[in-house]
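One structure below.
2 protein chains.
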Amino acid sequence: MDAAELPSVFSKKGFYGAMMEWAMKDEHFKTQLFRFVDVLPALASSSEVARHLQEYLGTEEAHLSPALRMGLKAAGGASWIVGAGVKSQVTAMAGTFLLGDQPKEILRTLRQLHDQGLAFTVDILGEAVVSEAEAEHYVRRYLDLMDAIGPEIAQWPHSCKSNESSAGPVPPLNLSIKLSALYSQVHPADPDTAVEQICGRLRPILRQAAKLGAFINFDMESYAHKNLTLRVFQTIFAEPEFARHPACGLAMQAYLKDCETDLRGLISWARERSRRVTVRLVKGAYWDYETILSQQRHWPVPVFARKPESDANFEKLSLLLLENTTAVDAAFGTHNVRSIAYVLAQADRLGLDRRAFEFQMLYGMAEPVKAAVLQLKCRVRDYCPVGELLPGIAYFVRRLLENTSNEGFLANKFSKGVSRDELLQDPRRLVVAAQPEPPRSASGAETRPFRNEPCTDFTLGLERDRLRAALVELRRHLGRRHPLVINHKPVQTRDWSPSLNPANQNEIVGYAAQGTTVEAEAALAAARAAQPKWARTKAGDRAALLERLADLMRRDKAALSALAVLEAGKNWGEADADVAEAIDFCDFYASIMRDLSRSRRTQWVPGESNLQHWWPRGLGVVIAPWNFPLAILTGMASAAVVAGNAIILKPSDQTPVIGARLMDLFMEAGVPPGVVNLLTGPGRQIAAHLVAHPQIDFIAFTGSMEVGLKIWETAGRTLAGQANLKKVICEMGGKNCLIVDSDADLDEAVTGCVASAFGYQGQKCSALSRLIVLEDQYDKFIERLIAAAGSLRIGPAEVPGTIIGPVINREAQQRIQAIIQAGQQEARLAWQGIVPNDPAACYVAPTIFTGVPASSRLFREEIFGPVLAVTKARDFDEALALANSSDFALTGGCYSRSPVNIDRVKNELACGNLYINRSITGAVVERQPFGGFKMSGGGTKAGGVEYLQNFMLPRVITENCLRRGFAPTDE
Amino acid sequence: MDAAELPSVFSKKGFYGAMMEWAMKDEHFKTQLFRFVDVLPALASSSEVARHLQEYLGTEEAHLSPALRMGLKAAGGASWIVGAGVKSQVTAMAGTFLLGDQPKEILRTLRQLHDQGLAFTVDILGEAVVSEAEAEHYVRRYLDLMDAIGPEIAQWPHSCKSNESSAGPVPPLNLSIKLSALYSQVHPADPDTAVEQICGRLRPILRQAAKLGAFINFDMESYAHKNLTLRVFQTIFAEPEFARHPACGLAMQAYLKDCETDLRGLISWARERSRRVTVRLVKGAYWDYETILSQQRHWPVPVFARKPESDANFEKLSLLLLENTTAVDAAFGTHNVRSIAYVLAQADRLGLDRRAFEFQMLYGMAEPVKAAVLQLKCRVRDYCPVGELLPGIAYFVRRLLENTSNEGFLANKFSKGVSRDELLQDPRRLVVAAQPEPPRSASGAETRPFRNEPCTDFTLGLERDRLRAALVELRRHLGRRHPLVINHKPVQTRDWSPSLNPANQNEIVGYAAQGTTVEAEAALAAARAAQPKWARTKAGDRAALLERLADLMRRDKAALSALAVLEAGKNWGEADADVAEAIDFCDFYASIMRDLSRSRRTQWVPGESNLQHWWPRGLGVVIAPWNFPLAILTGMASAAVVAGNAIILKPSDQTPVIGARLMDLFMEAGVPPGVVNLLTGPGRQIAAHLVAHPQIDFIAFTGSMEVGLKIWETAGRTLAGQANLKKVICEMGGKNCLIVDSDADLDEAVTGCVASAFGYQGQKCSALSRLIVLEDQYDKFIERLIAAAGSLRIGPAEVPGTIIGPVINREAQQRIQAIIQAGQQEARLAWQGIVPNDPAACYVAPTIFTGVPASSRLFREEIFGPVLAVTKARDFDEALALANSSDFALTGGCYSRSPVNIDRVKNELACGNLYINRSITGAVVERQPFGGFKMSGGGTKAGGVEYLQNFMLPRVITENCLRRGFAPTDE
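Quick mapping for you: the protein sequence lines, in order, are chains A and B.
Throughout, my numbering is defined as the position within the first sequence, counted from one, plus 518.
Throughout, my numbering is defined as the position within the second sequence, counted from one, plus 518.
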């Protein structure tokens, strides 16, 4: 192998060689280069290519090292910094790894491999499947490909050595399939439907494969799909029709901590059914992604933290496979010579024929390794992705990353000249020798007591069972009366208002007491009596109350989610996120309060101590909406309370039962009587009464602009006997906008837009309402968008896989339907979903309008429902102008891969929360302090470090420490 | 000396010994102990003593080390923790250093010294002289003492060896005088008056001394009085009457950096006039005080930073004195054996008789040293303070500090057992060997770019000349017209309003243009056009504008002060402080803006960048009052502007010329046109128009409650077309309260209350208005308070020594006079000052009401004039209740030496700025962020780190950095 020529990808010659060498030397350049390569196939013209090249690599801001800049010039940078040339260079680079799209080219390449003694498996590359139409299309492509190449391959004159196993010939036509491409609506909470749908799409492929004598392999993708893939495999190949044919296999990822368990399970399954399965053991290609995603979600990281651990596990599982060749066929997917040597040594030890198993390597990579392994009389199969640069870009970039990684075997061997001894070291020794994980980067190193509550992983059956049980349990107690709570005492009222399930208006979730101004006054008196003592309670003790409340919510998580499902019509994921956010608010504000309770020295002055600290404001009323019935109510209430205030909770009339539940939990957590009081009832009377009341010091409000402005105005008036200017913490509506740039990654833009616009039926202040699409990609984007929206599952929120449920109540339903009706005068109704025909439920068909004029009501007024207005923009200037042409400024977003346009959005788009290249909803406490300005609110940020200050007043204490000319040094 | 017994103060036996030993071991205990000793003489009863003992030393909070706590117990702590016993113990301790008050006791002690061969000088201890009555009383005490002891001393049979100089006998009666006790109104800006007054009080004393053949020495006190003392000395002893008699001398402090210059000057003076002067060279006793005070003020520290430097200077100046015995007599005030040995060695070298000079040491200290020096045939004089524990407490505590200091020679020699070699080391060697000064304590170590502008030191003649010249120059340009400024263009108006000098209503400082709503609209249009570009200007550039503005104000400091003197009626110090504060606002907000402009990572998340930053709000109007005509206007304007907003300046109708001046400086500093616009004119029309305007995003207001509430209400209404909810930054009035506890240090309380109540004629939002005095010290306190108030100098603000000037205008004068008139129905008019009879000036006689009921208007309503309402409180509970019985909560204060009461005030007194044991006015930027709540304001803090956030909106940018499963580590 050492004598052979360098693999082409590690040659330092030419454009590719120079790029890769620099990328390995400079992390920033590598990032910029790969990002440029990533966007490249999406660029329509040479001038666009040149612009992006300039933005990524040509500017001062690129922070290229001077040496690198010099190098670029020396390498004749000037000549290749020209659009068209670059695109063809990169396409040529990609050709190293991709087989193209045309059957003819594909067959030509496969035949070459065949003639070299290399077997192959063919993988069809594609963009992400975001709709059912795309999934169907993918199935079609497989069938077409098999038809196009199968018959010819069957007629090739000689057989390939690599297809001659010790047990006999194996099928020359071998296909790799990604199950994620077969169904666009995989839902963690509903694996059953996913299995059913995927199996349905697989059957024609398997039939065809059986007919052609082809081999079908299931690729393994992200961890989120792992169990699903295993289940589909074991389901479909247990079906009588496929119990013997086609030949089949499955990839397994050694970097997963639970790979061994899965592998042992699969071997047992194969053995029991006598169904031979080829297991392709790989290390795994999504390490960064899995690590980042699970860290973002605070889920356990499923992959081993260090590369040698994965290598060691690969060896361990290799042995397991070799020991079970009676049940399964082994395929080892690796370029690592140490891993290969280990397999061979163990096979020899076990007395296995070298043709009893095979090696798999990637097309275009590791040529000397393949040659060496073939020389050893082993079987080698090339993994051959077919497709053009655009659909293949993800695969291509992954290869570039692999070839520039510090940990990749190939780069170490062929580019970095790492010694043979090092390359062949036992990975287990490296694991033992490894240092503990290095601390995170500076900004991440702070040990902070606060940590976000993870959302529930509904891919776990246990979690699904728990919520299902909670729904059952809740149903047994529906329809109870929930009294007011004043000074911890339940207060009955004359009137009671029913709270209805949005998915079934005949189901009464509970009855809410209807307070009047009499009870409002009583609640105020209770709060007033309780507040001074609470204000003097140590901040640490007040924080501890919130932490207990968080613990209780954690304990009751499923029950609270169930309540949000039935009372607010939230689907499982949204309901769970609502509870998690409520928990976060408690824990976060507790931690912030602990910080704030430490007086801050304003300035160091000898002989004088100057400390600033915070005082509670006094009495407040908390007026919450129904759309985050637990989270927003809890957030405002917990902030007010931990700051030392006493409050009156006024939950929404739509979700009073959740409000009552929060009151119970506050009491259980040990809040002193009177500090929190519950006052359900007609907002127009009791909330208005309290807002105007001279004894109210602050109002925390989240809700509509109309009510918010009224509160703002009322609070401006200072009445006789009023102690303080009234503070209003005011979060109102939004008319949020997303720009889809002409170079956006459409896979991501489509899913992000659909989730932002239709999540919780658009009933979020942060929901996407105005979508501005640059004209270059407009048609393709809209087509995919509508297809994706049309694939969303609609139904009662309690059904686990439901994405779109009913809107909150009949009134909202009618109001939104009227808006849709009227909207057709203003714009083109491009798409409308189909909702179940259930008169007891408050469904609104999700709707997309296109060609929406900036002057229209559809474009300007908040709808708070599943209605998306799309407008085409000529250029980015117009897109920004349109985006900013709104009375609101809450959330906003942009999908773009142009650094310059991203910067412009960051600098110019008026909104409180801006999201780049992701959905614009789902702000997380601490991570995305939430709130906007203009008519969206007063500029406060819920879940931010400054939020608590709204509920307090700063106070500075200056103490002269100098007595008789002497001041202690410690004051 | 080593063979002699330990000096009594270093004995480790008994109560005193134990206390001092512990104090040396534990800094915290030392602080607590000395603070307890400090308050002790002021305590009226044993139970009060016991309470304070418990508060200082008996609680867990005292943080005594466990060993110390054990030690306290072991030493029979239980027995002495009883009030009366402790007081007598401490009085006995003090008796070691003080001679008592009665002529008989004094004579007995002096005779003992005389018989031991020790000469003496007598110093009369006293409380601080806070009024002219007290100064007169002090003079009387000197005269009385001389009469009481002089004749008897003259008749003592033998002379004392120490009074036998080589040049003949020196007067046995030797008195030391502190000039600060002779005049209560020393004003830095007016040394002439002080010299005149002090000389007037000195003459009878000198006459009596001449008659009795006594020697008069001037003690040297704080650095602030140093030049004055030198000048008085050289003035009065140049008067023919005193040109030869009495014998006289002066103390000089070697720790002062300019001591050598002063000493050489004095020697020349003595030589020229052939007036023999005894120079008592000391090291100096106020090192901590001088260091702390100059650091607080950012003035150059006048003393050497390190002890060996002072020791070395002492030796250097000792030699200078010995070389000049032909002109001056030398007295060396030191206990340091090395210093003494140096003097003796140099005297020997110069061939001087050892009786040609004397040593001076303190009574009760360093007995073995005195004995040894006497044995060497030298002359020794004891410095003998006479007085009881209460007036002597400052002196006593200073001795305790000296005896427990780490640097004192005596403690090192007699307590710490430092070796002879070390004790006798050449201080110059220590200076060279010394490390650079250690960095300040952790909290002070931060290097912050912001540094407060020092107030001008008017003790410097140069500074006085500069302001005097500026006043002259200003007078040459009075009466000009000051147009509006819109978009940098001067705008003339039809009406012009004169601005009058409060001290002379016939003098027109200038004419202010009177804008109308037409110009208001024009200004708004200019601001609107300019703001977007300004918002996009880099924050660093906006900050640089403010820094240039600060530099221009520094350049024009005297001219701006002169304008404040003439237009606002501020005295020199107040005017200078106003300008310094304006400079501080610019520099501070610039530095804060630089900080805020760096986006803050909200949370570390892999694969996602989350950054919070701040956006300007838009357009604002700045409505400022006249009482800090430059500082408050500049503060609000600079904050608004540096944050990226465009504004309209609306200065007060009373001080439009200063407003116009600020506008000029903004333009000179380079603010872009339209970003700052000047709109003078009738507030009721133009300000109201702007406040209600839908294009105004924020209002920064400082002024009266009435106007403030009106603005708050107007801003609450959101008009059609309005972009944002209006933000009001609102600072209103106060009715500020100070509690004088029964154990307060009255010296400090009297001066602090007078300054707080009558500074700038009470025309500060922070001014003291309600004084609550505990009944135990009530009578004594009120007597001293009225005497002190009565000593304040009243006149035109431009006269350098003026403390009380006219109020702002005729209307205010009449309004306040009416309040005083009406107040006499509610309370007792206890005192009223006498103002110049000048009908052209707007004087209001400063007034003190006593017995003011909590329900009265005098107690409840803001007066904004020199009127103080005093109320007596039975106990501290009542005092706190009275203090909190107010609609306002701006500043507050308490003079107390009870740790428990201080804590209660800190926890319970409702105010934005609380001051303990100091005056309640004069908040300094950054050090005391200023602002209150209740009807005093919205809880914003001008000059605090959070202030700028009021002018901005938070914005969070979330960027998905994960592309193709890869995220760079640096994002």
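We treat Cβ as the ideally placed atom computed from N, Cα and C, and that holds for glycine.
Legend entry - Minimum C-alpha distance to residue 1314 of chain B - residue among B/1087, B/711 and B/1485: B/1087
Inset, instruction - Take the Cβ of residue 548 of chain B as the centre, count every other Cβ of all protein chains shown within 10 Å, and call the residue buried at 16 or more, exposed below. - result: buried
Inset, instruction - Give the residues of chain A in contact with residue 1447 of chain B, contact being defined as C-beta atoms less than 8 Å apart. - result: 1120, 1130, 1472 and 1474
Inset, instruction - Give the single residue among A/671, A/1022 and A/1364 whose Cα lies nearest to the Cα of residue 1357 of chain A. - result: A/1022
Legend entry - Where residue 1298 of chain B sits in the DSSP three-state scheme: Helix, per DSSP.
Legend entry - Any 3 or more C-beta pairs closer than 8 Å across the region 1197-1215 of chain A and the region 1139-1148 of chain A: yes
Legend entry - Best match in A/1112, A/971, A/652 and A/844 for proximity to residue 818 of chain A [C-alpha to C-alpha]: That would be A/971, whose Cα lies nearest to the Cα of residue 818 of chain A.
Legend entry - For residue 1087 of chain B, three-class secondary structure by DSSP: coil
Inset, instruction - Name, in chain order, the residues that DSSP records as bridge partners for residue 1133 of chain B. - result: B/1471
Inset, instruction - Could you say which of B/1365, B/1371 and B/1354 lies nearest to residue 1339 of chain B if we only look at CA atoms? - result: B/1365
Inset, instruction - Give the interface partners of residue 1424 of chain A over in chain B, defined as CB-CB distance under 7 Å, in chain order. - result: 1475
Legend entry - For residue 1451 of chain B and residue 1029 of chain A, the rounded distance between their alpha carbons: 41 Å
Legend entry - 9 Å Cβ cutoff, residue 976 of chain A in contact with chain B: no
Inset, instruction - Might you give, ordered along the chain, the residues of its own chain that have their beta carbon closer than 8 Å to the beta carbon of residue 894 of chain B, omitting 5 neighbours on each side? - result: 862 and 872.
Inset, instruction - Kindly indicate if chain A contains any beta-carbon less than 9 Å away from that of residue 1463 of chain B. - result: Chain A, which has a Cβ nearer than 9 Å to the Cβ of residue 1463 of chain B, makes this yes.
Inset, instruction - Would you please verify whether the beta carbon of residue 787 of chain A is less than 9 Å from any beta carbon of chain B? - result: Not an interface residue.
Legend entry - Residue burial classification, residue 1444 of chain A (beta-carbon count within 10 angstroms, cutoff 16): buried
Legend entry - Ordered list of beta strand (DSSP E) runs contained in the region 753-779 of chain A, each at least 3 residues: 765-771
Legend entry - Span separating the alpha-carbon of residue 910 of chain B from that of residue 1477 of chain A: Answer to the nearest angstrom: the Cα atoms are 24 Å apart.
Inset, instruction - Under 7 Å between beta-carbons, which chain B residues line up against residue 919 of chain A? List them in chain order, please. - result: 1484
Legend entry - Residues near residue 1268 of chain A by beta carbon distance below 6 Å, same chain, minus five either side: Same-chain partners within the cutoff: 648, 1302, 1303 and 1306.
Inset, instruction - Spell out whether any CB of chain B is found under 9 Å from the CB atom of residue 809 of chain A. - result: yes
Legend entry - residue 1079 of chain B versus residue 1093 of chain B: straight-line alpha-carbon distance, rounded: Near 5 Å, if we compare the C-alpha coordinates of residue 1093 of chain B and residue 1079 of chain B.
Inset, instruction - With a 10 Å radius around its C-beta and 16 neighbouring C-beta atoms as the bar for buried, classify residue 942 of chain B as buried or exposed. - result: In this structure residue 942 of chain B is exposed. Its beta-carbon is surrounded by fewer than 16 other beta-carbon atoms within 10 angstroms.
Inset, instruction - Taking residue 1400 of chain A as part of the alpha helix (DSSP H), name the residues at either end of that continuous run. - result: Residues 1394-1402.
Legend entry - Closer than 9 Å to chain A by CB, residue 760 of chain B: no
Legend entry - Neighbour flag for residue 958 of chain A against chain B, beta carbons, 9 Å: Because the pLDDT of residue 958 of chain A is 47, which lies under 50, any placement of that residue in the model is unreliable, and the number read from its coordinates should be weighed accordingly. Chain B contact via Cβ: present.
Legend entry - For residue 902 of chain B, the three-state DSSP class (helix, strand or coil): Strand, per DSSP.
Inset, instruction - Could you round the C-beta distance between residue 753 of chain A and residue 713 of chain A to whole angstroms and report it? I think they count as a contact, below 8 Å. - result: 6 Å
Inset, instruction - For residue 804 of chain B, decide whether its Cβ has a neighbour in chain A, counting only Cβ atoms nearer than 9 Å. - result: yes
Legend entry - Secondary structure of residue 1000 of chain B, DSSP reduced to three states: strand
Inset, instruction - For residue 1475 of chain A, I'd like the list of residues in its chain whose CB is within less than 6 Å of its CB, leaving aside the five on either flank, ordered along the chain. - result: 1129
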